[in-house]
Amino acid sequence: MRGNDRVATHNCHSRSNRESRKVAAFDGLSNMELLLNSMVLPVTFPLAAGILCLLLPKAFDRARSVLATVASAITVLIVCRLLLEWKQLPGNAPMILSGSAWGSLRLDHLSSFILLVTTVFGFLISLYSMGYMRGKERLREYYAWLLGTIGIACGVILANNLLLLLIFWGLLGFALYVMIGIAGPEAAEAAKKSLIIVGGSDCLLMLGVTIVWVLADTLTLSSIRMDLADGIRYVAFFCFAIAALAKAGAMPFHSWVPDCGAQAPASVAAFLPAALDKLLGIYLLVRLTTGMFVMNTAMNTLLMLVGAGTIICAVMMALVQHDLKRLLSYHAVSQVGYMVLGIGTGTALGIAGGLFHMLNNTIYKSALFLCAGSVEKKTGTTDLDNLGGLAKVMPLTFVSCLVAALAISGIPPLNGFYSKWMIYQAMVDSGRNGNCLWLIFLATAMFGSALTLASFVKVLHAVFLCKRSAELRHRDIREVGFSMWLPGIGLACLCVIFGVFAYQLPLATMIFPAVGGVVQLSGAWYASVATVLLLAAYALGVLVYLLSTVRKARSCNTYIGGEIMEEVFHHKGTDGKVENVEVTGVDFYKTVEDLSPLREIFGAARAKLFDIYDLGGKVSAYFWEILRAAHGGLLPMYLTWVLAGLLVLLWMLFSGGRVAI
Amino acid sequence: MENALPFFVAIPLGAAFFIPLVSLTLKWVPDLLANAVMAVLAAMAFLTIGQAGFYHMGGWGTHLGIDLRLDGLTTLMLVTINTIGLAMAIFSVQYMTKYTSKLRYYSLFLCLIAGLNGIVLTGDLFNLYIFMEIVAISSYALVAFGCEHDELEAAFKYAVLGTVASAFILIGIALLYAMLGTLNMAEMAVKLAAGGMNMPLTVALGLFLCGFGLKAALVPFHAWLPDAHPAAPAPVSAMLSGVVIKTAGIYVLSRLIFNVFTVQLVPDLFSILRLFGVVSMIVGGILALGQWDMKRLLAYSSISQIGYIVVGLGLGTPLGLTGALFHMLNHSVFKSLLFLNAGAVEYATGSRDLRHLGGLSRNLPFTANMSLLGSMAISGIPPFNGFWSKLIIVLACIESGHPWLALAAVAMSLVTLVAVLKMLKRAFYEEHKPLTVHATEVPVLMRAAMLLLATLCVVLALLVLTGLRTPFLIAPAVDALSTWAGTAPGQGMGI
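Sequences listed follow chains R and F, in order.
Just so we're aligned: 242 in my numbering is position 242 of the first sequence, and the numbers increase by one with no gaps anywhere.
Just so we're aligned: 262 in my numbering is position 262 of the second sequence, and the numbers increase by one with no gaps anywhere.
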């Protein structure tokens, strides 16, 4: 059965019609045909497989991981089949399934691309989990929720009904909570924090949905288009935007991401905060800004402000982290800034850049988290102090980490460069169109990119290049197994492919159709040509080095990570030779922390003054103290309250309509 | 069905006094009998779905005798009371072995059920008072059941404040009777509509709002609840928080407000409800945050949830009523479940202080999962039942033009989430503490009771499939509240 011939009509505006239609959205319970509909299958199939995983007894853990991987691969195929079916529709019109118990589902350019990426990542993570999670506890729940998350995410992407979107969205927060908690007692706090921030934004989303429901008189996403005309519409917009930004992890709703990244299993961190939550958060933000609401300059500027602030603050925090997974999480936050910045420009180019950056970030950030997971699996730690020298023993992990690190830092010709390039151009364009702050935003974004590179120099040095730490020196560390290095290498290859063939592959086929307009690139960047030129330049450099034509070398102080290592390198032993020095990389950028305004800011950040979770905790604790002090436990006092309450009641009753709330 | 109505009171009341007689030698009789009684009552309650009618006790007319009446709201309440009661009876079989006298416990418990059923069935204000006193006195005794210092203190506070409320209510009833010359609520409604309000009637209404507000634990009349609900044995706490405050408080308030006084007579009525509702919602929610006693945390959250219900009632729209009544049903299920979880934790470890608990998800996986489910339901995470009733209430707030109430509702939803996540983390997901290392999973009947309620949390969410604005079981109750006064069946009889 094909859904396209059942496009719903949404033009009934009278109250009675509306009543009946809202009821009708829920009638007609599931039938088998509907469950197997090609649009519903991406949701139901992984969920069903997840339930099967839950039911398999504990002895079948190996079979369970295989089952999950196969099921997630089949989900990719199901999505591919759906996309092919959709491509055959005349003119690539959105494919809509409606008038059923499922509300309404829609597949268009934007959702098709995100759907495909989501399921592919689901498959890669399942594959990785086969090795990474082997022998851990609670695998039954882990695989059930992993598959469940894929299905629920497909539901979010396909939903064309706000209520359906709200349900799937909330379920995703719950799934996040359970999956972080699987790591064990240490992760309990991170799980709680994540659900409080994400679940709190879900509450706001509920408010937003109800406001839009009442104002627009419909729940169908595709038929809502609202001007930001009055206060209540702004409230609705902010509710949706906060839900999207909290899910994506933009500041100031970011603080769950570092905790989650540091405590959750690496595969969960790579899948949820690094990949899926970004995809969905940005997806909703794009839907909001291009579909549901008509944006104005002030809102666009606000979004850009959030984006630029996120980039710079999060990358500064990343610079000083000591834990690999936490450091990567701060970068996950920082990269959201670019996406929000791009979307905030409001131009087709900027939104395309934001979406492309989202795709790229998903690729390289997952790769980085998977590398971190591999390192953790083999060494038992992610503390930068205790790592080092792994490049020799884990070459495949190193290569994928290196490529991903270069990509995230925006080194041409990798994919991260291309999307940042698009965003920069969009900002220049927005400056031409009268945005006076564009130069500040552009400078911030570029500076953030440089700091990203700096922080990954630290990571690569501390984990892979410097000498092994004392703890690891005598351990036999080997490369991880096939199922664990393959996803990383595959993602690294994607980084290269999407960079070199950026226009031909992702942009022309997925991103530009998704923003629906003809995108004009003002600054030319011919990725393929540039790659050849860059390669030639590198080759030339090697040639120069090999020929050793430069004979007159300049001598200067040794420095690493931008700092002169006087005391380390110039300390000579008794025989006059330089002693066996170690530079772990943890000390990089120590000076940054000590610079004057930054020192105070870092101090405040360490005291969690910028953490909305902690601030909320303090505010509620303040009110709690006041109320608690009132509850002294004395019976006469409580009796007084009762009498006072009675007097208030009588006063209100006799005041005759003067009291209104 | 009408002829079966007296049995909702007669069976539990009879069993309450029969149990001590037969079970002095046979120890298993109280368990069996109480469970059998509750099963029969629950089955009977389900049979009343879709029925309506009234029963004149002893064949006396409405004016002189006692009327029992059955409508949509009564059915909803009967189903709630007796289903939750059944779950509590199942839970009690093994849980109450740690107390000395199961015999007395079941007697008091069944008295409580008889009183609750009586409150929702009677059509007569004075009988309602009598049944309410049966409920109140058995609750005082049940709260004091542990006979330790805390229990006795809590029961004393509860008794004093409860008696104040009863006195206010009795004065109110006397005033009404003096003014209107009848105690039958349907007749009162007719006479009030004809004669309008005057000063004594307004005072009576104020006394009712205060008295039943205290029974419902609305702020500022809530002070007894955080002591009384934690002190009682777990199934009684569940019953008190899940059912009693709703039956003796919310049910009677909504009957009086919608069926007797009506907003046409008292224009301020709805704003009063909204004010007290939103204050309860906020104060209860914030107070729950800082609690360390698992049951006390849940008790404060009950105040907050009652606030949601009263806000929904105070909107006065059909959708608001739907949300309020749906939330009442849902809250009775998930709050009972959470209290049973707290009871199970206490049973397994001997403590319910969150500072001394931890890691129980590994020893008590079943209880932990049930708690997770109940917590998600109460904090409105989809797809559980709490999500739907909160959604309806928020939607009703927006539709009737009260965006600030909607904002308060979603904000307190977050606060509830914070409170229950604290409980989950401290009790179940953190590292083990000395007290919890050797705890073992609770016995099978306790698990069965929790499973029953957890299943209901999921099943009740399906009610919205019958229409978000007209859910099965809820819609007839909303109809009963909106139309009762106009079409009182006893109107023409016996006068």
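Even glycine gets a Cβ: it sits at the ideal position worked out from N, Cα and C.
This one's a predicted model, so the numbers in the text were calculated from it and none came from an experiment.
Residue-chain proximity (residue i, chain F), Cβ-Cβ < 8 Å
i        : result
Ser620/R : yes
Thr9/R   : Residue placement at Thr9/R is poorly supported in this model, since its pLDDT is 34, which falls under 50; the coordinates are not used for a value here.
Lys670/R : Outside the displayed range of chain R (1 to 661) lies residue 670/R, so it cannot be described from this structure.
Leu649/R : yes
Glu600/R : no
His109/R : no
Cys203/R : yes
Phe369/R : no
Val23/R  : The pLDDT assigned to Val23/R is 32, lower than 50, so where the model puts this residue is not dependable, and the model offers no usable value.
His474/R : no
Pro185/R : yes
Ile167/R : yes
Val40/R  : no
Gly645/R : yes
Lys58/R  : no
Val214/R : yes
Cys292/R : First, the residue type needs correcting, since residue 292/R is Met and not Cys in the sequence shown. Not an interface residue.
Asn192/R : According to the sequence as given, residue 192/R is Lys; it is not Asn. It does; some Cβ of chain F falls within 8 Å.
His571/R : Only weak support is given to the placement of His571/R: the predicted model assigns it a pLDDT of 49, under 50, and the value that follows is read from those uncertain coordinates. No, His571/R lies away from the interface with chain F (no Cβ there is under 8 Å from its Cβ).
Option in the options with minimal Cα separation from residue i
i        : options                                   : result
Ser166/F : Gly316/F, Thr466/F and Leu125/F           : Leu125/F
Ser419/R : Cys436/R, Leu166/R, Tyr338/R and His474/R : Tyr338/R
Asp293/F : Leu357/F, His327/F, Leu273/F and Ala348/F : Leu357/F
Gly195/F : Thr466/F, Ala186/F and Met179/F           : Met179/F
Arg426/F : Leu289/F, His327/F, Leu456/F and Leu407/F : Leu289/F
Met427/R : Ile363/R, Leu303/R, Leu543/R and Gly122/R : Leu303/R
Gly170/R : Ala59/R, Leu327/R, Ala243/R and Tyr283/R  : Ala243/R
Tyr106/F : Leu373/F, Leu205/F and Ser92/F            : Ser92/F
Thr662/R : Ser38/R, Phe293/R and Gly291/R            : The structure shown does not extend to residue 662/R, since chain R is modelled only from 1 through 661, so no value can be given for it.
Arg447/F : Ala34/F, Pro235/F and His149/F            : Pro235/F
Ala324/F : Thr367/F, Pro365/F and Ser389/F           : Ser389/F
Gly499/R : Ala450/R, Ala183/R and Ser528/R           : Ser528/R
Ile286/F : Ile250/F, Thr349/F, Glu346/F and Val415/F : Val415/F
Leu533/R : Arg62/R, Leu288/R, Pro413/R and Ser223/R  : Pro413/R
Whole-angstrom C-beta distance between residue j and residue i, which should lie under 8 Å
i        : j        : result
Gly211/F : Phe168/F : 4 Å
Tyr128/R : Ser483/R : 7 Å
Val286/R : Leu355/R : 7 Å
Ser42/F  : Thr75/F  : Sequence check: residue 42/F is Ala here, not Ser. That belief does not hold up - the Cβ atoms of Ala42/F and Thr75/F are roughly 13 Å apart, past 8 Å.
Phe339/F : Ala228/F : Actually they do not touch by this definition, with Cβ atoms about 13 Å apart.
Ala232/F : Leu142/F : 6 Å
Val480/R : Ser374/R : 4 Å
Contact test: residue i Cβ vs the ligand NAD heavy atom, cutoff 7 Å
i        : result
Leu421/F : In the structure on display, the ligand NAD does not appear, and there are no ligands present to speak of.
Within-8 Å CB hit, residue i to chain R
i        : result
Pro524/F : Residue 524/F falls outside the range modelled here, since chain F spans only 1 to 495, and no answer is possible.
Phe366/F : no
Val418/F : yes
Val478/F : no
Cys210/F : yes
Thr202/F : yes
Glu431/F : yes
Got a sec: which bits of the segment 219-235 of chain F sit with their beta carbon under 9 Å from any beta carbon on chain R, in order along the chain?
For the segment 219-235 of chain F, which is checked against every Cβ of chain R, the residues closer than 9 Å are Val219, Pro220, Phe221, His222, Ala223, Trp224, Pro226 and Asp227.
Using a beta-carbon distance cut-off of less than 8 Å, what residues from the segment 229-257 of chain R approach chain F?
Those residues of the segment 229-257 of chain R that come within reach of chain F (Cβ to Cβ, closer than 8 Å) are Ile232 and Val235.
Along the segment 146-169 of chain F, what residues have a CB closer than 9 Å to any CB found in chain R?
The segment 146-169 of chain F vs chain R, Cβ under 9 Å: Glu153, Phe156, Lys157, Val160, Leu161, Val164, Ala165 and Phe168.
Select from the segment 107-122 of chain F all residues with a C-beta closer than 7 Å to any C-beta belonging to chain R, and list them in chain order.
Of all residues in the segment 107-122 of chain F, none has a Cβ within less than 7 Å of some Cβ in chain R.
Going along the chain, which residues of the segment 334-353 of chain F sit with their C-beta nearer than 8 Å to a C-beta in chain R?
Within the segment 334-353 of chain F, no residue has a Cβ that lies closer than 8 Å to any Cβ of chain R.
On the three-pair Cβ rule with 8 Å, is the segment 643-658 of chain R touching the segment 69-81 of chain F?
Counting C-beta pairs with one atom in each stretch, the segment 643-658 of chain R and the segment 69-81 of chain F have fewer than three that are closer than 8 Å, which means they do not touch.
When the Cβ atoms of the segment 381-400 of chain R are set against those of the segment 431-438 of chain R, are three or more pairs found closer than 8 Å?
No, the segment 381-400 of chain R does not touch the segment 431-438 of chain R.
Evaluate the contact criterion for the segment 259-278 of chain R versus the segment 397-412 of chain R: three or more CB pairs, one atom per stretch, below 8 Å.
Too few Cβ pairs lie closer than 8 Å, so no.
Report the residues of the segment 278-308 of chain F with a CB closer than 7 Å to any CB of chain R, ordered along the chain.
Contacts with chain R (Cβ-Cβ distance below 7 Å) from the segment 278-308 of chain F involve Val283, Ile286, Leu287, Leu289 and Gly290, listed in chain order.
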